[in-house]
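Report on the following structure.
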Amino acid sequence: MRLSELREGQTATVVRVGGGGPFRRRLLEMGFLRGTEVCVEKYAPLKDPMELILKGYHVSLRVEEAANVDVEGVRDGER
Amino acid sequence: MAKKPLTVALAGNPNSGKSTIFSNLTGTRQKIGNWPGVTVEKKEGQVTVNGYRLTVVDLPGTYSLTAYSIEEIVARNFILDDKPDVVVAIIDASNLERNLYLATQLRELDTKVIFVLNMADVARQRGVKIDGKKLSELLDVPVVFTVGNANEGTRDLLNEIIAVAESSIELPRTRRVYYGKDIEKAISELSAMITETVGERLSYNTRWVAIKLLEDDRIVKGRVVRLDGTHGPAIVEEADRSRARLRELYDDEPEIVMTDQRYGFIEGIVKEVVRTDSIDRVDISRRIDQVLTNRVLGLPVFVFFIWAMFQLTFTLGAYPMDWLDTGVGWLGHQTAQLLPDGAFEALIVDGVIAGVGSVVVFFPNILILFFCIAIFEDTGYMARAAFLMDKVMHLIGLHGKSFIPMLMGFGCNVPAIMATRTLESERDRILTILINPLMSCSARLPVYILLAGTFFGLRAGNAIFSIYALGIVLAIVMGRLFRSTVLKGEVAPFVMELPPYRMPMLKGLLIHMWDRSKIFLKKMGGVILVGSIVVWCLSAFPAEVQFSQDYATQRRAVSTRYDTLISGAQGAGRQVLVEERDAALGELNAQQARERVEKSYLGRLGKFLAPVFAPLGMDWRSSVAVLSGLVAKEIVVSTLGVLHAAAGDGGEESEALRRALKQSGMTACSAYAMMAFVLIYIPCLATVAAIRRETNSWRWTLFSMGYSVTLAWLVAFVIYQGGKLLGLA
Chain A
111 MRLSELREGQ
121 TATVVRVGGG
131 GPFRRRLLEM
141 GFLRGTEVCV
151 EKYAPLKDPM
161 ELILKGYHVS
171 LRVEEAANVD
181 VEGVRDGER
Chain B
29 MAKKPLTVAL
39 AGNPNSGKST
49 IFSNLTGTRQ
59 KIGNWPGVTV
69 EKKEGQVTVN
79 GYRLTVVDLP
89 GTYSLTAYSI
99 EEIVARNFIL
109 DDKPDVVVAI
119 IDASNLERNL
129 YLATQLRELD
139 TKVIFVLNMA
149 DVARQRGVKI
159 DGKKLSELLD
169 VPVVFTVGNA
179 NEGTRDLLNE
189 IIAVAESSIE
199 LPRTRRVYYG
209 KDIEKAISEL
219 SAMITETVGE
229 RLSYNTRWVA
239 IKLLEDDRIV
249 KGRVVRLDGT
259 HGPAIVEEAD
269 RSRARLRELY
279 DDEPEIVMTD
289 QRYGFIEGIV
299 KEVVRTDSID
309 RVDISRRIDQ
319 VLTNRVLGLP
329 VFVFFIWAMF
339 QLTFTLGAYP
349 MDWLDTGVGW
359 LGHQTAQLLP
369 DGAFEALIVD
379 GVIAGVGSVV
389 VFFPNILILF
399 FCIAIFEDTG
409 YMARAAFLMD
419 KVMHLIGLHG
429 KSFIPMLMGF
439 GCNVPAIMAT
449 RTLESERDRI
459 LTILINPLMS
469 CSARLPVYIL
479 LAGTFFGLRA
489 GNAIFSIYAL
499 GIVLAIVMGR
509 LFRSTVLKGE
519 VAPFVMELPP
529 YRMPMLKGLL
539 IHMWDRSKIF
549 LKKMGGVILV
559 GSIVVWCLSA
569 FPAEVQFSQD
579 YATQRRAVST
589 RYDTLISGAQ
599 GAGRQVLVEE
609 RDAALGELNA
619 QQARERVEKS
629 YLGRLGKFLA
639 PVFAPLGMDW
649 RSSVAVLSGL
659 VAKEIVVSTL
669 GVLHAAAGDG
679 GEESEALRRA
689 LKQSGMTACS
699 AYAMMAFVLI
709 YIPCLATVAA
719 IRRETNSWRW
729 TLFSMGYSVT
739 LAWLVAFVIY
749 QGGKLLGLA
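Keeping their order, the protein sequence lines are chains A and B. If you read the first sequence in this note's numbering, its first letter stands for residue 111, the second for the next number, and so on. If you read the second sequence in this note's numbering, its first letter stands for residue 29, the second for the next number, and so on.
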């Protein structure tokens, strides 16, 4: 499943980050690593971008970019 | 006693509180400039402690030290080439894991590093306790705790910097990131090869170079090749072979695997030094965001903040603006009395004081605007603004962050263009700079007020609003056009941190406000000064004008005629006569002034260009006004005043000018066309200078000037000719 398909409040585990070169590298450097838990905090009022919580901090990503992140183990809100 | 000089570099993630620590260390004595060759801001400060003279350099905030962004390259090169005595890694304690990612990379560079755990109080509030001693032992680096906002730990940090600079820490460190058996083997093979061949000439750690080569770092590759014509390429080839092998082995790019390993190493450390209380505390920042980025409330609240900012800027700023205006008038008056009459006096009073004064009066507005922006930035709201607006900006092919410079453009394009530095991608930066002048700056407002107020009566507000809207629409259209033609390419990814909200410190706000405003003053001051002198000279020369009639004789005739009448009259009748005489004399003076300007170089130039502006419904006076507006848009108003010979005193001035404009044959339609022209064409010399500086290219500067003039003409043409067809002109 893709990260962009998650609804607000859902949490999932990163399996793999796709996409090319610098973008992929940047995402990994920001902590989108295999096994990392990512929670979808909310979508912006205009439905794009989305706000995520991982490793204890908040980061925003465009929906089309989040489509490059494969996730698994989707579950509803923990917090 | 001579003080020993030391260089200290501050490195850290964006939002780690780096700039606060920087101000705490150096006070307000900062020097702001650019890193050579690039448009990244460089901040430097000095501080003297215990007989040491510390030069503190604030490196750009980065998340990593790859070679993908200018900021990262600048930060890295400073550490590698300038070899600071100590590198201070500022770490946001409440966000330890990700901040350590950069910090461990700094450690790999083989310099003396101090880890500063900043905002430990915030971390504690969240139930996170960090064992600094353990961290120090594990990583073999000194650790200092600070709370930037409360100026805590600054003294400790200064002492530690000196202690570390004077110590002889053994480098390279023994404890390092372990990249896994296969990668470690490749690293050691490669570093052995580097040591054997070019080792002595390489001034940095060979292990680091090997790691970077395996990560396919283009800058390090280039350096190695340049270092040695034969061995260099051989080393790079060997690195590429290793990369291919590792890629096969891991089924992924080696740099990705290495990022993974680095985080693995960090995770291990975090596990050992961090203790988290299980009590789940209320996250205030999250609560605030439940309102500020709320699906329903987010945008209205955002619009309200922006509205409030402009209200503050213009209504509150109007008071000091008035005082300054009076002050400038007084100064001009006093100077005129001090100096002997003549060309020099006119140059100083009408050229320099009036010209520079017309810009200086906007300074309070600029201060307030920048103060508001500093609040947005220091609280963390700026990132939310980008979050809210990204979708809109993405329509133009821009990043949400571009919204802020665009917004600032409504205040003044000069600082707005300088603010594009926060954008990571150069293409985004150039595009934002190109369309920024379409955001109608405050200097253009007096022109609209005059024209709309004269020709649109009660609907003046709507007319002005529509001009602002026109600018925004054009920005979107041009943005899309440029994006698909001259600035094609990928849109920068929107990986943006949303930092926790923070209470801003007044000192920090004031410093931020002043830094930017100062540049505004300096730039505007210099360029405007020169421009005012040039425009004044063009309008004042040739000094000897052949007038169509002998004004002096006529004035005398009028005086004599009325004086006889006045001496014969009495009471109220006498008063009327005196007024009549003064009016007649004033009219003559105005006629002479008008003819003067008409025959000056500026007037001749305007008349020469008049045919170009005729299809836009603009007469030669408007052409001259628009030309002089190149210096600064406000000058358009004062030039119109002179050309329509509406020179009067104080409040009557604008009334007289309005009447004159109406009589000149201008209509609502041609006035609107002129407003549109003023909106779009080259904003002002200072903006051109800013564009040149920030794009670092004459090509883009000329392009910006060329397209804006062309577009201005086309739009004004359509408005005027369209209006005529509809019978509005």
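For glycine and all other residues, C-beta sits at the position ideal for the given N, C-alpha and C.
- Cβ proximity to chain A below 7 Å picks out P521, F522, V523, M524, E525 and L526 from the segment 519-539 of chain B.
- Taking CB atoms only, D158/A has a neighbour in chain B less than 8 Å away.
- Per DSSP, reduced to three states, the secondary structure at E147/A is strand.
- Sorting T35/B, L557/B and Q133/B by C-alpha distance to the C-alpha of T76/B places T35/B at the top.
- Going by DSSP, Y80/B is part of the beta strand (DSSP E) stretching over Y80 to D86.
- The beta-carbon distance between L82/B and V144/B, rounded to whole angstroms, is 15 Å. This is too long to meet the 8 Å contact definition.
- For L613/B, the CB contacts under 8 Å within the same chain, skipping 5 residues up- and downstream, are R583, V586 and S587 in chain order.
- Using a CB distance cut-off of 8 Å, T321/B counts as an interface residue toward chain A.
- A714/B and L320/B have their alpha carbons spaced roughly 36 Å apart.
- Within chain B, V523, M524, E525 and L526 have C-beta atoms less than 8 Å from the C-beta of V169/A, given in sequence order.
- If the five residues before and after E243/B are omitted, its C-beta is found closer than 7 Å to the C-beta atoms of P282, E283 and M286, all from its own chain and listed in chain order.
- Between T94/B and chain A, the shortest Cβ-Cβ separation is below 8 Å.
- Cβ neighbours of F510/B within its own chain (closer than 7 Å, five residues either side excluded): L459 and L462.
- Taking C-alpha positions only, G383/B is separated from T139/B by approximately 53 Å.
- Taken atom to atom, the span from the alpha-carbon of P328/B to that of S219/B is near 58 Å.
- DSSP places P42/B in the coil class of the three-state scheme, outside both helix and strand.
- For G326/B, the nearest beta carbon of chain A is closer than 8 Å to its own beta carbon.
- Legend: CB atoms of the segment 624-637 of chain B lying less than 8 Å from CB atoms of chain A are not found in any residue.
- Relative to the Cα of A154/A, the nearest Cα in the group G326/B, L593/B and D610/B belongs to G326/B.
- V85/B and A37/B have their C-alpha atoms some 5 Å from each other.
- DSSP places H422/B inside the alpha helix (DSSP H), whose first and last residues are Y409 to L423.
- One Cα belongs to K165/A, the other to D311/B, and the distance between them is close to 15 Å.
- Of all residues in the segment 114-130 of chain B, only N123, E125, R126 and Y129 place a beta-carbon less than 7 Å from a beta-carbon of chain A.
- Nearest CB-CB separation between D149/B and chain A: not below the 8 Å threshold.
- Separation of the CB atoms of F399/B and L537/B is rounded to 6 Å, and the pair is thereby assigned contact status at 8 Å.
- Counting only residues of its own chain and dropping the five nearest sequence neighbours on each side, L526/B has a CB closer than 7 Å to the CB of A411, R412 and F415.
- The segment 370-377 of chain B makes no contact with the segment 496-516 of chain B: fewer than 3 CB pairs, one atom from each, lie closer than 8 Å.
- Judged by pairs of C-beta atoms under 8 Å, the segment 166-184 of chain A touches the segment 114-126 of chain A, as three or more such pairs exist.
- Residue burial annotation: T258/B is exposed, with fewer than 16 other C-beta atoms found within 10 angstroms of its C-beta.
- One thing to note: Y709/B has its Cβ no nearer than 8 Å to the Cβ of V670/B.
- Taking a C-beta cut-off of 7 Å against chain A, the contacting residues of the segment 272-288 of chain B are E283, I284, T287 and D288, listed in chain order.
- For the 8 Å CB-CB criterion, V125/A and V181/A form a contact.
- Listed along the chain, the chain A residues whose CB falls inside 8 Å of the CB of L416/B are A154, P155 and L156.
- Where D120/B is concerned, the enclosing beta strand (DSSP E) starts and stops at V114 to D120.
- For the segment 335-359 of chain B, no residue has a beta-carbon sitting nearer than 9 Å to a beta-carbon of chain A.
- Nearest neighbour of V606/B by Cα position, chosen from L593/B, L616/B, V652/B and A447/B, turns out to be L593/B.
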